[in-house]
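*Asks:* Residue numbers (the working numbering), protein chains in the order written: chain A, 3 to 122; chain B, 3 to 122.
Protein chains: 2
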Amino acid sequence: MAVNDVECCETFQTHEELLKVVSEKMPNEDKLYDLAELFKVFGDSTRIRILYVLFEAEVCVCDLAETLSMTQSAISHQLKILKQSKLVKSRREGKSVFYSLADGHVRTIIAQGREHIEEL
Amino acid sequence: MAVNDVECCETFQTHEELLKVVSEKMPNEDKLYDLAELFKVFGDSTRIRILYVLFEAEVCVCDLAETLSMTQSAISHQLKILKQSKLVKSRREGKSVFYSLADGHVRTIIAQGREHIEEL
DNA sequence: ATAACATATGAATAAATGTTCAAATGTTTA
DNA sequence: TAAACATTTGAACATTTATTCATATGTTAT
Chain A
3 MAVNDVECCE TFQTHEELLK VVSEKMPNED KLYDLAELFK VFGDSTRIRI
53 LYVLFEAEVC VCDLAETLSM TQSAISHQLK ILKQSKLVKS RREGKSVFYS
103 LADGHVRTII AQGREHIEEL
Chain B
3 MAVNDVECCE TFQTHEELLK VVSEKMPNED KLYDLAELFK VFGDSTRIRI
53 LYVLFEAEVC VCDLAETLSM TQSAISHQLK ILKQSKLVKS RREGKSVFYS
103 LADGHVRTII AQGREHIEEL
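#1: With distances taken from CA atoms, which of A/58, A/25 and A/33 is nearest residue 17 of chain B?
#2: Spatial neighbours of residue 81 of chain B within its chain, please: CB distance less than 8 Å, with the 5 preceding and 5 following residues excluded, ordered by chain position.
#3: Would you list the residues sitting across from residue 93 of chain B in a DSSP beta bridge?
#4: With a Cβ-Cβ cutoff of 9 Å, do residue 47 of chain A and residue 37 of chain B count as a contact?
#5: Determine the closest residue to residue 104 of chain A out of A/87, A/119, A/117 and A/44, with distance taken between C-alpha atoms.
#6: Out of B/76, B/39, B/73 and B/69, which one is the CA nearest neighbour of residue 133 of chain A?
#7: Given a threshold of 16 other Cβ atoms within 10 Å of its Cβ, counted over all protein chains shown, does residue 73 of chain B qualify as buried or as exposed?
#8: For residue 50 of chain B versus residue 114 of chain A, is the C-beta distance shorter than 9 Å?
#9: Could you name the residues of chain B that residue 69 of chain A contacts, counting a contact when the two beta carbons are closer than 8 Å?
#10: Could you name the residues that DSSP lists as bridge partners for residue 64 of chain A?
#11: Taking only beta-carbon atoms, is residue 28 of chain B less than 9 Å away from chain A?
#12: With a 10 Å radius around its C-beta and 16 neighbouring C-beta atoms as the bar for buried, classify residue 35 of chain B as buried or exposed.
#13: Have a look at A/83, A/70, A/24 and A/22 and flag the residue whose alpha-carbon is nearest the alpha-carbon of residue 45 of chain A.
#14: Would DSSP call residue 70 of chain A helix, strand or coil?
#15: So residue 121 of chain A is in the alpha helix (DSSP H); what residue range does that whole segment cover?
#16: Are residue 61 of chain A and residue 20 of chain B touching if we call contact CB-CB under 9 Å?
#17: For residue 23 of chain B, which of A/75, A/56, A/33 and A/95 has the nearest alpha-carbon?
#18: Scan the stretch 96-116 of chain B for residues whose Cβ lies nearer than 9 Å to a Cβ of chain A and list them as they occur along the chain.
#19: Does DSSP classify residue 46 of chain B as helix, strand or coil?
#20: Which same chain residues, not among the five before or five after residue 70 of chain A, have their C-beta less than 8 Å away from its C-beta?
#21: My understanding is that residue 107 of chain B touches residue 117 of chain A, with C-beta atoms under 8 Å, so please give their C-beta distance in whole angstroms.
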C-alpha cells in the first residue's frame, strides 16, 4: 500500500490517482463558486419565467410585470440579478428600460434542463 | 387600440400578441417549478464538486467525503438531492454504496455554464 | 421648476437551504 | 448474536433568498 493511500471503506484503493485526476480537472474555488452562482440564477421560477418572455421579445419592466402578474419591484429585483450574471442586458429608451437576452447560453442551458426533466 | 391592449409605459403597445406567444411557449406551472428545482441542484458548489468527481469515476460515499474534505453526512445529504433529481444513480456493493452520473445532461449543462462564465 | 411616469433601491419579513450532531439502518465478519 | 463498518436520516442552527412596502432616482412634458 503506497504512502499516500488512504484507508476508506476497507477497499484500500489507490486514491492517489483519483485525487490527482480530480484536482487536475476540477475548476478552482473561485470558478466553482461562480458556476454555482450562475446556476442559482436559473434556480428560481420567476427568473425562468422572465427569461421565457425574453425568448420572444425585448420588453420593458412594466410589460414583464404585467405579463407575469407580479409587482414592478419584484421584477426589477430579479432583473438586477439576471443582469449581474450577464444573462440579460438593458437599454434605456426615454422613461422605459428595455431588457433582452445577453447571449445564447441562456437558451442552451434551459433547453438542456428541459430535456433532462422531460426524459424522466 | 384593441380591446385587450393594456396601457403600459405609455407605449400603448399591442400586448395581445406578446401574451399569446408567451403563453404558448411558456411551460406550465409544474414544469417551470421542476425546471427551477433542477437548476437549484446545480446551484451549490458542494454538489458541483461532487459531480466533478463523478465525471472521473464511480466512487463510494466515503471516497467522496475524503476527496472533498467534508463529513460523510454532509456528502450523503447532498447525494440524496442529486439522486432525487436523477442526476446521479447509486449501486450497493457490500457495505459501500457507489455513485455515478445518471446521464449526459449533467456534463452538457455544466459545460454550458462554464462557457458562459468564461466568456465574460 | 413642478408634476407625472418608469424604474431602481433599501429595509423588513417569511421561507428555504446547507452543515453539524446524534442516532438509526443496513451489511459483513467474528 | 454481537461487533464493526458504511451509509442514511432527522432535528437544530445559521445563513441565504424572494417578495413586499416605502422611498429614491431618473426621464419627459407642462
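Beta carbons: idealized from backbone N, C-alpha and C, even for Gly.
Computed from a predicted model, the values in this text were never measured in an experiment.
*Replies:* So, from the data block:
#1: Stepping through the second sequence from its first residue, residue 17 of chain B is reached at position 15. When only C-alpha atoms are compared, the closest one is A/58.
#2: As a first step, residue 81 of chain B must be located in the second sequence, where it is residue number 79. Cβ neighbours of residue 81 of chain B beyond the five flanking positions: 52, 63, 66, 90, 92 and 101.
#3: One-based indexing of the second sequence puts residue 93 of chain B at position 91. Answer is B/100, bridged to residue 93 of chain B.
#4: Locating residue 47 of chain A in the first sequence gives position 45, counting from the first residue. Locating residue 37 of chain B in the second sequence gives position 35, counting from the first residue. Cβ atoms of residue 47 of chain A and residue 37 of chain B: closer than 9 Å.
#5: Within the first sequence, numbered from 1, the residue matching residue 104 of chain A stands at position 102. Taking only the C-alpha atoms, the option nearest residue 104 of chain A is A/87.
#6: Limits of chain A in this structure are 3 at one end and 122 at the other, which puts residue 133 of chain A out of reach.
#7: For the purposes of this step, residue 73 of chain B is taken as the residue at position 71 of the second sequence. So residue 73 of chain B ends up on the exposed side.
#8: Position 48 of the second sequence, counted from the first residue, corresponds to residue 50 of chain B. Position 112 of the first sequence, counted from the first residue, corresponds to residue 114 of chain A. Not closer than 9 Å, so no.
#9: Translated into the one-based positions of the first sequence, residue 69 of chain A becomes position 67. The contacting residues are 17, 20, 21 and 24.
#10: For the purposes of this step, residue 64 of chain A is identified with residue 62 of the first sequence, where counting begins at 1. According to DSSP, which records beta bridges pairwise, residue 64 of chain A is partnered with nothing at all.
#11: Within the second sequence, residue 28 of chain B is the residue found at index 26, counting from 1. Closer than 9 Å to some Cβ of chain A, the Cβ of residue 28 of chain B qualifies, so yes.
#12: If you number the second sequence from 1, residue 35 of chain B lands on position 33. Around the beta carbon of residue 35 of chain B, fewer than 16 other beta carbons sit within 10 angstroms, so the residue counts as exposed.
#13: As a first step, residue 45 of chain A must be located in the first sequence, where it is residue number 43. Comparing Cα-Cα distances from residue 45 of chain A to each of A/83, A/70, A/24 and A/22, the minimum goes to A/83.
#14: Against the first sequence, residue 70 of chain A aligns to sequence position 68. Coil, per DSSP.
#15: By one-based count along the first sequence, residue 121 of chain A stands at place 119. First-last for residue 121 of chain A: undefined, no H or E at that position.
#16: As a first step, residue 61 of chain A is located in the first sequence; it is residue number 59 there, counting from the start. As a first step, residue 20 of chain B is located in the second sequence; it is residue number 18 there, counting from the start. Contact: yes.
#17: On the second sequence, residue 23 of chain B is found 21 positions in, with the first residue counted as 1. The option with the nearest alpha carbon to residue 23 of chain B is A/56.
#18: 96, 97, 98, 105, 107, 108, 110, 111, 112, 114, 115 and 116
#19: Here residue 46 of chain B corresponds to residue number 44 of the second sequence, with the count starting at 1. In this structure, residue 46 of chain B counts as coil in the three-state DSSP scheme.
#20: Counting from one through the first sequence, the residue named residue 70 of chain A turns up at place 68. Contacts found: 48, 51, 52, 55 and 77.
#21: As a first step, residue 107 of chain B must be located in the second sequence, where it is residue number 105. As a first step, residue 117 of chain A must be located in the first sequence, where it is residue number 115. At roughly 6 Å, the Cβ-Cβ gap stays under 8 Å, so residue 107 of chain B and residue 117 of chain A are in contact.
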